[in-house]
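This report refers to the structure that appears directly beneath it.
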Amino acid sequence: MQTYAIGDIHGHLALLEQAHALIAADRARHGEADAPVVHVGDVVDRGPDSRGAIEFLLRGQAEGQPWVVLKGNHDRMFAGFLDDPWARDPGLRAELSWFHPRLGGPGTLESYGLREPANRPVDQVHAEALAAVPQAHRDWLAGLPLHLLRGQALFVHAGIRPGVDLAAQREDDLLWIRAEFLEDTRDHGALIVHGHTAIETPRHHGNRLNIDSSAAYGGPVSAVVIEGRDAWLLTPAGRVRLTP
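The sequence shown lines up with residues 1285 to 1528 when you count with the numbering used here.
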């Protein structure tokens, strides 16, 4: 069973398109045209074209592409702002908000045509955002799944709470968890394929595979292919095996 996966996008449409081009080239060489492509979330924030990234994915799905897009914590924060501009995501530290430069919310709103959203009254910005963000985008964000189990791999944005059955996992953990998951070396019953924690290049740890290659900080949007619990990074020169 073959599955492609794409790491955190963070508003970088051109990098997302490059990742899909690598997958198309791999399909042509290896022949599994129906293998799905799982995007592990964080479509928006920090990059220049969050709107374009959403439109690219939404359009591909509407055309029947075998694409799955999981919910990331940044996707939830964007949707949450549109629902209630004063609400705080429970995963955020007290001193931060979605409008903080480190989170990148203003850049997402700018991609929808809003001017200087970080420097104007929140109520005004919220009203403009509701007018600018298509309802189809809001519906799409609201419907993003939290995980996908396929064969021997479990795809999720941030990770899982170790030792907890999948059905009992909390959304906050699936979208935000770090140390408790990253530092746990036990086998989780499936290879956990995740993003959320930015690193230089995808890395296989045996029990998990991190594919967030820091697109938010100048890195690429990585594409990998998984067969069983084995994984390869896709490059212009072909597959590069990722080993624990």
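The beta carbon of each residue, even a glycine, is placed where N, CA and C say it ideally should be.
Identified DSSP bridge partners for residue i
i: Ile1476; result: Leu1438 and Arg1492
i: Val1321; result: Tyr1288 and Trp1351
i: Gly1547; result: Absent from the model: residue 1547. The displayed extent of the chain is 1285 to 1528, so no value can be given.
i: Glu1511; result: Gln1286 and Asp1514
i: Arg1487; result: Asn1494
C-alpha gap between residue i and residue j, whole angstroms
i: Asp1514; j: Leu1526; result: 8 Å
i: Val1324; j: Ser1497; result: 12 Å
i: Pro1563; j: Asn1491; result: Since the first residue shown for the chain is 1285 and the last is 1528, residue 1563 is missing from the structure and cannot be characterised.
i: Leu1414; j: Gly1336; result: 17 Å
i: Arg1377; j: Val1409; result: 23 Å
i: Glu1394; j: Arg1470; result: 43 Å
i: Val1524; j: Ala1500; result: 23 Å
i: Ala1312; j: Glu1301; result: 17 Å
i: Thr1481; j: Ala1416; result: 30 Å
i: Thr1287; j: Arg1434; result: 8 Å
i: Ile1418; j: Gly1344; result: Note on residue identity: the sequence assigns Pro, not Ile, to residue 1418. Each residue's Cα considered, the two are about 17 Å apart.
i: His1421; j: Gly1473; result: 35 Å
i: Ala1319; j: Arg1386; result: 35 Å
i: Phe1362; j: Arg1462; result: 21 Å
i: Asp1368; j: Gly1522; result: 45 Å
i: Leu1354; j: Asp1457; result: 14 Å
i: Gly1427; j: Asn1403; result: 31 Å
i: Pro1374; j: Glu1464; result: 17 Å
i: Thr1392; j: Gly1364; result: 13 Å
i: Glu1316; j: Leu1398; result: 42 Å
i: Pro1390; j: Glu1379; result: 17 Å
i: Ala1339; j: Val1448; result: Note that residue 1339 corresponds to Glu in the displayed sequence, not to Ala. Taking the straight line from one Cα to the other gives about 35 Å.
Selected residue, minimal CA-CA separation from residue i, among the options
i: His1441; options: Leu1450, Gly1447 and Leu1430; result: Leu1430
i: Gln1349; options: Met1285, Leu1341 and Ala1500; result: Leu1341
i: Gly1388; options: Ala1319, Gly1291, Ser1334 and Val1417; result: Ser1334
i: Ile1444; options: Phe1365, Leu1493 and Ala1378; result: Leu1493
i: Val1321; options: His1478, Val1509, Ala1463 and Gly1435; result: Val1509
i: Trp1382; options: Asp1359, His1478, Gln1302 and Phe1439; result: Asp1359
i: Trp1370; options: Asp1407, Val1352, Gly1331 and Tyr1396; result: Asp1407
i: Val1477; options: Gly1435, Phe1439 and Ala1411; result: Phe1439
i: Asp1468; options: Trp1516, Gly1364 and His1489; result: His1489
i: Leu1297; options: Val1328, Thr1519 and Gln1286; result: Val1328
i: Glu1412; options: Leu1459, Tyr1396, Ala1437 and Thr1485; result: Tyr1396
i: Glu1484; options: Gly1435, Asp1457, Leu1517 and Asp1373; result: Leu1517
i: His1384; options: Pro1528, Asn1357, Asp1423 and Arg1330; result: Arg1330
i: Thr1519; options: Leu1299, Pro1332 and Phe1362; result: Leu1299
i: Gly1295; options: Ala1317, Asp1326, Met1285 and Ala1319; result: Asp1326
i: Leu1466; options: Glu1379, Pro1446 and Trp1424; result: Pro1446
i: Val1352; options: Trp1424, Leu1475 and Leu1459; result: Trp1424
i: Asn1357; options: Pro1486, Gly1479, Ile1495 and Pro1528; result: Gly1479
i: Gly1262; options: Pro1486, Glu1464 and Ala1437; result: No statement about residue 1262 is possible, as the shown extent of the chain runs from 1285 to 1528 and does not include it.
i: His1314; options: Met1285, Leu1432, Glu1339 and Leu1475; result: Met1285
Proximity test, Cβ basis, 8 Å: residue i and chain C
i: Gly1473; result: Here chain C cannot be found, since the structure has a single protein chain.
Could you tell me whether the region 1449-1460 touches the region 1306-1317, using the rule of 3 or more Cβ pairs below 8 Å? no
Pair every Cβ in the region 1287-1299 with every Cβ in the region 1504-1521, then say whether three or more of these pairs are closer than 8 Å. yes
As an exercise, report each continuous alpha helix (DSSP H) stretch of at least 4 residues that is fully enclosed by the region 1376-1412, in chain order. 1389-1394
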